[in-house]
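Visitor: Residue numbers (the working numbering), protein chains in the order written: chain A, 1 to 350; chain B, 1001 to 1289; chain C, 2001 to 2232.
Dropping the structure in here first, questions after.
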Amino acid sequence: MSKSLAGAAVTQTVKVRRSTRSSYVGVAVFAIAIAALAIGPFAFLTKGNQQNLVTLFIYIILGTMWNLLAGYGGMVSIGQQAFIGIGAYGIVYAADNLGVGPIIAVPIAMVISGAIAYLVSFLAFRLSGGYFAIGTWVIAEVIKLVTTQITALGAGSGISLTAFAGAKPEIRIATVYWMALASVVVAVLVTYLLIRSRLGAGFTALRDDPTAAATLGVHVTRSKRVIWVAAAMGCGLAGALLAANTLRVQPDSVYSVQLTAAMIFIVVIGGIGTIEGPIVGAIVYFALEQYLSDLGAWYLVILGSVAIIMVLFLPQGLWGLLSGKGRIQLFPTGYRLISGPPIAEGSKES
Amino acid sequence: MEWANAIVQGVLLGGLYALLAAGLSLMFGVMRLVNLAHGALAIVAAYAGLVLVQKTGMPPFASIVIVVPLMAILGWVLQRTLLNTALNRQALAPILVTFGLAVIIQNLLLELFTADNQSIDVGSLASSSIQITPDIAIGVFPLITFIVGVLVIGLLQQYLARTATGRAMRATSDDREAAELMGIDNKYVYSLATAISLGLVGIAGVFLGIRTQFNPTFGDATLIFAFEAVIIGGLGSLWGTLAGGMILGIAQTVGAQAFPSSGVLLGHVVFLLVLAFRPTGLFPKVVNG
Amino acid sequence: MALLEVDAIDVHYGDFQAIYGLSITVDEGETLAVIGANGAGKSTLLKTIAGINRPRVGEVRFDGANISGLAAHRRVPLGISLTPEGRRIFPSLTLEENLLVGGHTKRPGYWNLTTVYETFPLLADRRSRLGVHASGGEQQATAIGRALMSNPRLLLLDEVSLGLAPIVVENIYAALPNISAQGTTVLVVEQDVNQALKVANRVHCLLEGRSVLEGKPAELSREQIASAYFGI
C-alpha cells in the first residue's frame, strides 16, 4: 500500500496475463507462414524444394522433442535414434505389410514408438545424469541389433517403402510434404500446449528441483515418463517421415547416433528450454548442413566446437540472444504480472 | 569344453574392459562427471601408439611410456579449460560438452587417419599362447592385458585409500566446500583426477590398439563397454569395475560361442538384466558420498 | 595485537543482506564469543572470515593483510581454520582419515594425530569408524580435531553445541582450554549463551546482522545480554 498524492491510502492492482503483444505477433506470423507453406507445392516450391523442406521439418520435430526431454524434463538422452528407427520401420511395416497406406501408417508408427518407449522407461529410469545418457544409447543399440535379426523387416540390409508405388512423383512428393508440414505444426503445438498446461508447470518445477517439486505434489516419475513417451512418439513421427521422404529404411542410417548428435546441436545452437529455440536451431543446422557438408569430417569438427562454445558461453542459444532472454515470447508458456491502475481505499472497486 | 575356453577368454577380456573403465569410474567418483569422450580418447591413445611405433620403430609396450604422460597432460588441460568451466554451469553442461568433444575427436581422427582399420603390430606376441589343458589355451597378450588391468585397478585403489592426494580426492567427492576449508583446491584435485584418468586411458588405448583392428569410430563401442563394466560392477567400487568387466567379457565371449556375431548383444542383455534386477550393480560402494 | 580485523563489512546472499556494516577485532590469543539468535548473521560472519562468502563492502584483514578476495583454500595456509556449521565431516572417510585430511595443509605446530587423540580420547577408540556411522558427539570432536590439524592461528567454531546433548557439549567445551593454552586465537559462535560466556574473554552479540553489544562477560549483566539478544 502506498499513499497517493491526495493523502488517501491506495492499493496497487495487478492483473495476470498469459500472452504478450509479441506473442500475438508470433501467432499471426506463424499462421501466415503455415498458409504460405501449404499452398507452396501449387505455386512456388519445386519437388526438390519440397523434399528439402521435409528434411527441415524433420529437424524441427527432432529438435522440439530433444528439447522437451532435456530442456523441460531434465533428461539427456543419446538414444533417441532408437525411436526414429522404430518409426521408420513402423511406417513401412504398417503401410506395406498391414496395407493401411502411408498416411494412416504414421500414427501407427508413433504408437509403436510410444509403447516401446513406455516399456523401456522402466529400465532407463534406474539411471540418471550422464549414466542415463549412455544407458539410452545402449538401449538404442540393443533395439537396432534386435531389429536387424528380424527377416520380415529386411534384417541387415533394410527395407523399402512400397506403398507409394504407382503414384506420380509429384503427387508422392507433395503428399509427403503436406504430411510433414502437418506433422511439424502438430508436434510443435502439442509440445507447446503440454508445456503451457498444469502438467507443464510441473515439468519446469521438476527440471529445477525434483525434490521440491515432489513435495508440491508433482509426481516426478510419472511426469518424466509422460515426457519420455511423448518425445519418443515425436521421434517416431520424424522417423516415419524420414522413411516416407527417402523411401528406403536402412538400419545403420536410421538408428545412427548421428541423428542424436544432430538433435543436440539443433537444441544447443537454438536455445534450450524454449519452444522457439529448437525451431531457430533447426533452421541454422539445416543451412549449415547445406553449405558445409562438402567439408566432410571438418564439418562435424566445426559443429562440435560451436556446440561446446554455445553450452559454455551462450547457454540460452541464438533464440535467447534474439529474444533478449525471454522478453520476447512467441509461444508464451508462463504467467506475467501486469500492473493495473491503482485504486483508492474505499472506492467502488476495492 | 569350448564353453570353458570361452569363459577363460571372457575373463581375460574383462581385464581390458576394467583397464578401459578405470578412468571413467575415477572421474565419476571424484567429480560426478560422466566423460562421454572417454571412448574417443582411448582411440586417440591407440593412434598415438600406432604412430609412435610406425614412425620410430619402438616396441609397442615402450610407446606406453610416452603415450601415458601425453594423455595425462591432455587430461589436465581439458579439465582446467573446458571441464571445470562446464562443471560450474548448468547441470546438462558437462554431458553436452564431453559429447561435443567426442564428436570433435572422432572426426579429427577421421581426417587424420581415414576410416581404414589399423592395428599396432606386436609380431608373434599377438598369436602366441600357453596351453593350460588340451582344450584351453590362454593367449599371452590377453594374459598380459589382464594382469595389467588388475594391477592398475589395485594401484588406483591403493592410491585413493592411502595417499594424501587420494584422500583429498575422496574428501572433495564427499563435500567440495568442506574440503576447501581444509585447504584443498578443488580445481587442482579435479585436474589431477582427469590427468590420472586419461593416463590410464592411455595404457588401455595402446593395449586395445594391439589387441584389435581399430578405426576412429571405435570410440563409441569403447565408451559403451567401459560404461557397462562400471554399471554391472557397481558405482563407486573399483574392484566392482573389475568384476563388471569380467562379467561383461564372459557374456560377450559366451554369447559369441552360442550365437555367432551376437556376442556384443548378449553383453548388452546382461547389462540390461543387471539394470533391471540389481540397479546399484553387483558390488556397489556401501557409503553414499 | 589484533590478529583479525573485520572492517565494516556488508555480506549478501543474492539480494538478501545478512550483515550490515559489521566491525569486529580479535586479538591474538584471546577467545571471542559471538552470540545471537537464529539468523543474526553469526555463521555468515564465520564463513566470510573463512572465505566461503565475500563481503560486498568492507574488508577482512588477517595479521594486517587484506584477505577479503582470497579463496577459502588459500586462507588455511595463513592459519585460518573453520569448523563448519553442522560438522560436515566426510561421510565416506574414517574419523582418522578425516583428521588426516585436516592436516592436508601442513603448518608447524603442536597439533598432530597424537595430540588430537589426547585432547579427544573418544576419537582414539573410534578412529576406524566411518564418518557416516559416527554419533553427533564423535562428529563434532572430529570436526574440531580436523580443524586443529592445520595448526591454525585462528580457530573458528560454528555452532558446536547444535543438536548435541548437554553432557556431550560439556565434554567438547572441556577441550577448549587445551586449545587456547597453545596460544590459538578462538572465535566461537554459539546459540548456547551460558557455554559461550563460560569460555570467552570477550563477547559480541549480533542482532539481524549488526553488533548490538560488546564487552567482557564479567562486565555484562543478564539483562543487558537478554535485551541485546532478543532486540528488546
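For glycine and all other residues, C-beta sits at the position ideal for the given N, C-alpha and C.
Source: prediction; values computed, not measured.
What is the DSSP secondary structure of Val-2186 of chain C, counted as helix, strand or coil?
Guide: What you label residue 2186 of chain C is simply residue 186 of the third sequence in a count that begins at 1. Here Val-2186 of chain C sits in strand by DSSP.
Visitor: Take Gly-135 of chain A and list the residues in its own chain whose beta-carbon comes closer than 7 Å to its own, dropping the five residues that flank it on each side.
Guide: Residue numbering aside, residue 135 of chain A sits at position 135 when the first sequence is read from its first letter. Once the five neighbours on either side are set aside, the close Cβ partners of Gly-135 of chain A are Ala-124 and Leu-127.
Visitor: Go to Asp-1174 of chain B, then tell me how far its alpha helix (DSSP H) extends in each direction, as first and last residue.
Guide: As a working mapping, residue 1174 of chain B is identified with position 174 in the second sequence. Asp-1174 of chain B -> alpha helix (DSSP H) spans 1164–1174.
Visitor: If you follow the beta strand (DSSP E) that Gly-2059 of chain C is part of, which residue opens it and which one closes it?
Guide: What you label residue 2059 of chain C is simply residue 59 of the third sequence in a count that begins at 1. Gly is not the amino acid found at residue 2059 of chain C; the sequence shown has Glu there. Looking at the DSSP string, the run of the beta strand (DSSP E) that includes Glu-2059 of chain C is 2057–2062.
Visitor: Between which residues of its own chain and Gly-1149 of chain B is the CB-CB distance below 6 Å, once the five residues before and five after are set aside?
Guide: Locating residue 1149 of chain B in the second sequence gives position 149, counting from the first residue. Around Gly-1149 of chain B: Gly-1015, Ala-1018 and Leu-1019.
Visitor: Going along chain C in order, which residues have a C-beta closer than 8 Å to the C-beta of Asn-1033 of chain B?
Guide: As a position in the second sequence, residue 1033 of chain B is number 33, starting the count at 1. Inspection of the sequence shows that residue 1033 of chain B is occupied by Leu rather than by Asn. Neighbours of Leu-1033 of chain B on chain C: none; closest Cβ ~18 Å, over 8 Å.
Visitor: Given Val-1270 of chain B, which residues of its chain have a CB within under 6 Å of its CB, disregarding the five upstream and five downstream residues?
Guide: Your numbering for residue 1270 of chain B matches position 270 in the second sequence. So the list reads Ala-1251, once near-sequence residues are dropped.
Visitor: Which residues, in order along the segment 2030–2063 of chain C, keep a beta-carbon less than 7 Å from a beta-carbon of chain B?
Guide: Cβ contacts with chain B: Ala-2050 and Ile-2052.
Visitor: Quick test of the definition: if touching needs 3 or more C-beta pairs under 8 Å, does the segment 1031–1049 of chain B touch the segment 1211–1223 of chain B?
Guide: Judged by Cβ distances under 8 Å, the segment 1031–1049 of chain B makes contact with the segment 1211–1223 of chain B, as three or more pairs qualify.
Visitor: With a cut-off of 8 Å on the beta carbons, I'd call Ala-1006 of chain B and Gln-1257 of chain B a contact; round off their distance for me.
Guide: Reading the second sequence from its first residue, position 6 is the one you call residue 1006 of chain B. Reading the second sequence from its first residue, position 257 is the one you call residue 1257 of chain B. Yes, Ala-1006 of chain B and Gln-1257 of chain B are in contact; Cβ-Cβ is about 4 Å, under 8 Å.
Visitor: With respect to the beta strand (DSSP E) encompassing Thr-1133 of chain B, which residues constitute its N-terminal and C-terminal limits?
Guide: By 1-based counting over the second sequence, the position of residue 1133 of chain B is 133. No beta strand (DSSP E) contains Thr-1133 of chain B, which DSSP labels as neither H nor E.
Visitor: Taking just the CA atoms, how far does Gly-90 of chain A sit from Phe-243 of chain A?
Guide: For the purposes of this step, residue 243 of chain A is taken as the residue at position 243 of the first sequence. For the purposes of this step, residue 90 of chain A is taken as the residue at position 90 of the first sequence. What sits at residue 243 of chain A in the sequence shown is Ala, not Phe. Going by the C-alpha atoms only, they are around 9 Å apart.
Visitor: Of all the options B:Gly-1281, B:Leu-1272, B:Phe-1283 and B:Leu-1282, which has the alpha carbon lying nearest to the alpha carbon of Phe-122 of chain A?
Guide: Along the first sequence, one-based indexing puts residue 122 of chain A at 122. Among B:Gly-1281, B:Leu-1272, B:Phe-1283 and B:Leu-1282, the Cα nearest to that of Phe-122 of chain A is on B:Leu-1272.
Visitor: Give me, in chain order, the residues of the same chain whose beta-carbon lies closer than 6 Å to that of Ala-1093 of chain B; leave out the 5 immediate sequence neighbours on both sides.
Guide: Against the second sequence, residue 1093 of chain B aligns to sequence position 93. Excluding positions up to five away in sequence, the list reads Ala-1086.
Visitor: 8 Å is my cut-off, CB to CB: does Val-184 of chain A come that close to chain B?
Guide: Here residue 184 of chain A is taken as the residue at index 184 of the first sequence, counted from 1. It does not; no Cβ of chain B falls within 8 Å.
Visitor: Report the residue from B:Gly-1029, B:Leu-1013, B:Leu-1082 and B:Ser-1262 whose alpha carbon sits nearest the alpha carbon of Leu-1101 of chain B.
Guide: Counting from 1 along the second sequence, the entry for residue 1101 of chain B is found at position 101. Cα-wise, what sits closest to Leu-1101 of chain B is B:Leu-1082.
Visitor: For Gly-1289 of chain B, which residues in the same chain have their Cβ closer than 6 Å to its Cβ, ignoring the five residues on either side in sequence?
Guide: By 1-based counting over the second sequence, the position of residue 1289 of chain B is 289. Per-residue confidence for Gly-1289 of chain B stands at a pLDDT of 37, beneath the threshold of 50, marking its modelled position as unreliable; the derived number appears in the next sentence. For Gly-1289 of chain B, where only same-chain residues beyond five positions count, the Cβ hits under 6 Å are Ser-1173 and Asp-1174.
Visitor: Which of the three DSSP states, helix, strand or coil, is assigned to Arg-1032 of chain B?
Guide: Taking the first residue of the second sequence as 1, we reach residue 1032 of chain B at position 32. Three-state DSSP puts Arg-1032 of chain B in coil, outside helix and strand.
Visitor: Might you give, ordered along the chain, the residues of its own chain that have their beta carbon closer than 7 Å to the beta carbon of Met-1027 of chain B, omitting 5 neighbours on each side?
Guide: Counting from 1 along the second sequence, the entry for residue 1027 of chain B is found at position 27. Contacts found: Leu-1033, Asn-1035, Ala-1193, Thr-1194 and Ser-1197.
Visitor: Would you mind working out which of A:Ala-201, A:Val-268 and A:Glu-289 sits nearest Phe-313 of chain A, comparing C-alpha positions?
Guide: Residue 313 of chain A sits at position 313 when you count from the first residue of the first sequence. Of A:Ala-201, A:Val-268 and A:Glu-289, the residue nearest in Cα terms is A:Val-268.
Visitor: Report the residue ranges of all beta strand (DSSP E) runs contained in full by the segment 2144–2211 of chain C; include only those spanning at least 3 residues, in chain order.
Guide: With a minimum length of 3 residues, the continuous beta strand (DSSP E) runs that stay inside the segment 2144–2211 of chain C are 2154–2158, 2185–2190 and 2202–2207.
Visitor: Leaving out five residues on either side along the sequence, give the residues of the same chain with a beta carbon under 8 Å from the beta carbon of Ser-347 of chain A.
Guide: As a working note, residue 347 of chain A is residue 347 in the first sequence. For Ser-347 of chain A, the predicted model reports a pLDDT of 48, less than 50, meaning its position is unreliable; a value from the coordinates is still stated below. Cβ neighbours of Ser-347 of chain A beyond the five flanking positions: none.
Visitor: Would you mind stating whether Gly-1234 of chain B and Thr-1165 of chain B have Cβ atoms separated by less than 8 Å?
Guide: Position 234 of the second sequence holds residue 1234 of chain B. Position 165 of the second sequence holds residue 1165 of chain B. Not closer than 8 Å, so no.
Visitor: Would you say Ala-1193 of chain B faces chain C, with C-beta separation under 8 Å as the test?
Guide: Locating residue 1193 of chain B in the second sequence gives position 193, counting from the first residue. Output row for Ala-1193 of chain B: interface = no.
Visitor: Just how far apart, CA to CA, sit Ser-2 of chain A and Val-14 of chain A?
Guide: Along the first sequence, one-based indexing puts residue 2 of chain A at 2. Along the first sequence, one-based indexing puts residue 14 of chain A at 14. Residue placement at Ser-2 of chain A is poorly supported in this model, since its pLDDT is 48, which falls under 50; the coordinates still yield a value, given next. C-alpha separation (whole angstroms): 14 Å.
Visitor: Within 8 Å of any Cβ in chain C, is that where the Cβ of Pro-1284 of chain B sits?
Guide: Locating residue 1284 of chain B in the second sequence gives position 284, where the first residue counts as 1. No, no contact with chain C.
Visitor: So, does the CB of Ala-1004 of chain B fall closer than 8 Å to a CB anywhere in chain C?
Guide: For the purposes of this step, residue 1004 of chain B is identified with residue 4 of the second sequence, where counting begins at 1. No, because no Cβ of chain C sits closer than 8 Å to the Cβ of Ala-1004 of chain B.
Visitor: 8 Å is my cut-off, CB to CB: does Leu-1238 of chain B come that close to chain C?
Guide: For the purposes of this step, residue 1238 of chain B is identified with residue 238 of the second sequence, where counting begins at 1. Not one chain C Cβ lies under 8 Å of Leu-1238 of chain B.
Visitor: Cβ of Arg-1167 of chain B less than 8 Å from any chain C Cβ?
Guide: Numbered from 1 along the second sequence, position 167 holds the residue referred to as residue 1167 of chain B. It does; some Cβ of chain C falls within 8 Å.
Visitor: Rounded to whole angstroms, what's the CA-CA distance from Leu-2078 of chain C to Val-2193 of chain C? Just pull it up for me.
Guide: As a first step, residue 2078 of chain C is located in the third sequence; it is residue number 78 there, counting from the start. As a first step, residue 2193 of chain C is located in the third sequence; it is residue number 193 there, counting from the start. Cα-Cα distance, rounded: 30 Å.
Visitor: List the residues of chain A whose Cβ lies closer than 9 Å to the Cβ of Gln-1090 of chain B, in chain order.
Guide: Position 90 of the second sequence, counted from the start, is the residue given in the question as residue 1090 of chain B. Under the 9 Å cutoff, chain A gives Ile-272, Val-311 and Pro-315.
Visitor: If you drop the 5 nearest sequence neighbours on each side, which residues of the same chain put their C-beta closer than 7 Å to that of Ile-1132 of chain B?
Guide: If you number the second sequence from 1, residue 1132 of chain B lands on position 132. Only Ile-1138 meet the Cβ criterion.
Visitor: In chain order, what are the residue ranges of uninterrupted alpha helix (DSSP H) at least 4 long that sit wholly in the segment 212–259 of chain A?
Guide: Runs found: 220–246 and 251–254.
Visitor: Using the Cβ count rule (16 or more neighbours within 10 Å means buried), how would you classify Tyr-24 of chain A?
Guide: In the first sequence, residue 24 of chain A corresponds to position 24, counting from 1. Exposed is the call here.
Visitor: Does Gln-1118 of chain B come out as helix, strand or coil in the three-state DSSP assignment?
Guide: To locate residue 1118 of chain B, count along the second sequence from 1; it is residue 118. If DSSP states are grouped into helix, strand and coil, Gln-1118 of chain B belongs with the strands.
Visitor: CA-CA distance, Ala-2228 of chain C and Thr-2105 of chain C?
Guide: Here residue 2228 of chain C is taken as the residue at index 228 of the third sequence, counted from 1. Here residue 2105 of chain C is taken as the residue at index 105 of the third sequence, counted from 1. Taking the straight line joining both Cα atoms gives about 39 Å.
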